[in-house]
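Chains as they are written, first to last, in the working numbering: chain A, -18 to 245; chain B, -19 to 115. Each residue gets a CB set at the ideal place from its N, CA and C atoms; glycine is no exception. It should be emphasised that the depicted structure is a prediction, and the values quoted were computed from it without experimental measurement.
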Amino acid sequence: MRSVDMCSSVNHVTCNEQDINTVIDVVVTATSIILACSGETYRAEDTALRIGRAFGLAKTEILAFPTGFMVSFTLKDGNTITRSIRVSERSLWLSRINEVNSISRAIADNKLTAEQALEMLKELQSRRDENPLVSCLSCALCTSAFAVMFGGEVREFLISFASGFSMQFFICFLRYVAMPSLLISIFSPGVATTVALVLIKIYGGDQMSIIAGSIMPLLPGVAMTNAMRDTMRGDLISGVARGAEAFFNAVLVAISVSLVLTIF
Amino acid sequence: MAIELLACVLGTISLATLLGQPRNTLHFSAIIGLCGYIVYKALNQSFFAYFACGLVIGVLCEIAARITKSVATIYFASGIIPMVPGLTLYRSAEYFVQKNYTSAVYTLIEAFGGIGAIALALTISSLLFLRIRKN
């Protein structure tokens, strides 16, 4: 227990066996949260380096990709510890990136000990996703707003509200039963299009604005932006990987929509 | 026009909620999305318009991030969504159905070029900000 007291004193520079493991856990958890929430690769690397420096490790080296990272710590006595971590599930969750960033800044300002930081990060990692009802409603509002933006009126608003709601409901359900994310990106535009087409058959309405609005939340705007940012910073491998992901997703949306349109 | 802008704000805010953006930053996203869309409309939706609105959004995102002391990344996703070419992608899907493959691939590339132009402009403006902060 004494090591804990020492660590919570003014400086982090007191490092023994126990502390080093905690520090390494902090770095690994923070980096994997950022990558799992589709944060940029350079941000993950910067965070790891910043935390390592703040806790007084002699040297931290990290090589991160969108799908995993390798980090090695050189200790004061010259030993090296290396961890390699695979990040298998990726989704977009903006507030978590923000919170990890503020935790790492607090560490850099010597406001948090390793134990406190680890506790906060673990809590962040185990936090449940947003209430499904909220995400369904916000997705429905998003799709119907864009249907209106593309020239729709009241009828188009209501139909794309229904298709957006059922699409997000379907996505939540597939995530709940742990479907592979590839299947989710293939099926979800199809579900939205099917619901929209059935409702258009019954009530009528402008097909183009409804379906174009419904696929808006699925388009890879952020993935493309992150790909560009990674490439510009010199992370060529991450940039190409994310660019391929973005292109693949856009093509999947187009194929899925056209498949359903062919059937109807 | 007023309805279009209102729909743009509503779409931006609800996408931000969907992607888990912190609740107390939603009004910044609305302003960013609206400004980007006005620039995009004012430049007549050309290829250059994508680039220009990307630059505007990038600068606004960095400013909002400085004000709220958060990372600029959280504003990008919702800020660019009104300009993301969903309509173009839908048209491409429709051409695929009509077996008009030339137009389909052409439109697909056009949609992708639009996203690429926004992303490039966003990156340029945030890199400029990085230099300003360091000097």
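Item checked: Near-chain A residues of the segment -3 to 24 of chain B (beta-carbon distance less than 9 Å), N- to C-terminal order -> Cβ contacts with chain A: T(-3), L(-2), L(-1), G0, Q1, P2, R3, T5, Y17.
Check: Which residue from B:S50, B:I37, B:S72 puts its Cα closest to that of T103 (chain B)?
Finding: From the listed residues B:S50, B:I37, B:S72, the smallest Cα separation to T103 (chain B) is found for B:I37.
Check: Among the residues of its own chain, which have a CB less than 6 Å from the CB of D(-14) (chain A), if the five just before and after it don't count?
Finding: Confidence in D(-14) (chain A) is poor, its pLDDT being 42 and thus under 50, which makes the residue's placement too unreliable to answer from.
Check: Is the CB of C(-12) (chain B) under 7 Å away from at least one CB in chain A?
Finding: By this cut-off, C(-12) (chain B) is an interface position.
Notebook entry, point to check: Can you give the Cα-Cα distance for A227 (chain A) and G202 (chain A), rounded to whole angstroms?
Noted result: For A227 (chain A) and G202 (chain A), the distance between alpha carbons rounds to 8 Å.
Margin query: Suppose you measure from the CA of T(-5) (chain A) to the CA of L93 (chain A); what does that come to, to the nearest Å?
Written below: Only weak support exists for where T(-5) (chain A) lies, its pLDDT of 49 falling under 50; the value from the coordinates is given anyway. So the two alpha carbons sit approximately 14 Å from each other.
Check: Would you report the Cα separation of L100 (chain B) and E21 (chain A), rounded to the nearest angstrom?
Finding: Roughly 15 Å between the two C-alpha positions.
Check: Cβ atoms of Q97 (chain A) and I14 (chain A): under 7 Å apart, would you say?
Finding: In this structure, Q97 (chain A) does not lie closer than 7 Å to I14 (chain A) by Cβ.
Next item on the list: Consider the Cβ of Y86 (chain B): report whether some Cβ of chain A lies at a distance smaller than 7 Å.
Entry: No, no contact with chain A.
Item checked: Neighbour flag for Y70 (chain B) against chain A, beta carbons, 7 Å -> Taking Cβ atoms only, chain A reaches closer than 7 Å to Y70 (chain B), which makes this a yes.
Checklist line | C-beta neighbour in chain A for F56 (chain B), strict 7 Å | finding: Chain A, which has a Cβ nearer than 7 Å to the Cβ of F56 (chain B), makes this yes.
Check: Does any CB atom of chain A fall closer than 7 Å to the CB of I37 (chain B)?
Finding: Chain A, which has no Cβ nearer than 7 Å to the Cβ of I37 (chain B), makes this no.
Next item on the list: Could you check if G(-9) (chain B) is buried or exposed, using at least 16 other CB atoms within 10 Å of its CB as the buried criterion?
Entry: Label assigned to G(-9) (chain B): buried.
Check: Can you tell me whether I248 (chain A) is buried or exposed, with buried defined as 16 or more other CB within 10 angstroms of its CB?
Finding: The requested residue 248 (chain A) is not part of the displayed model; chain A covers only -18 to 245.
Item checked: Simplified DSSP assignment, three categories, for R67 (chain A) -> Under the three-state reduction of DSSP output, R67 (chain A) falls in the strand class.
Checklist line | Unbroken beta strand (DSSP E) run spanning F54 (chain A), endpoints | finding: Segment 49 to 55, the beta strand (DSSP E) holding F54 (chain A).
Notebook entry, point to check: Does DSSP put F46 (chain A) in a helix, a strand or coil?
Noted result: Of the three classes helix, strand and coil, the one that applies to F46 (chain A) here is strand, per DSSP.
Check: Is T41 (chain A) helix, strand or coil by DSSP?
Finding: DSSP places T41 (chain A) in strand when its eight states are reduced to three.
Item checked: Proximal residues of chain C, C-beta to C-beta of A(-18) (chain B) below 9 Å -> Judged by its chain identifiers, the structure shown contains no chain C, and its protein chains are A and B.
Next item on the list: Please confirm if S50 (chain B) has its CB atom under 7 Å from at least one CB of chain A.
Entry: Interface residue, yes.
Margin query: Less than 7 Å between the C-beta atoms of L99 (chain A) and V9 (chain A), yes or no?
Written below: In terms of Cβ geometry, L99 (chain A) and V9 (chain A) do not form a close pair [threshold 7 Å].
Next item on the list: In the DSSP assignment, find the alpha helix (DSSP H) that holds L73 (chain A) and state where it starts and stops.
Entry: Careful: L73 (chain A) lies outside any alpha helix (DSSP H) and carries neither H nor E.
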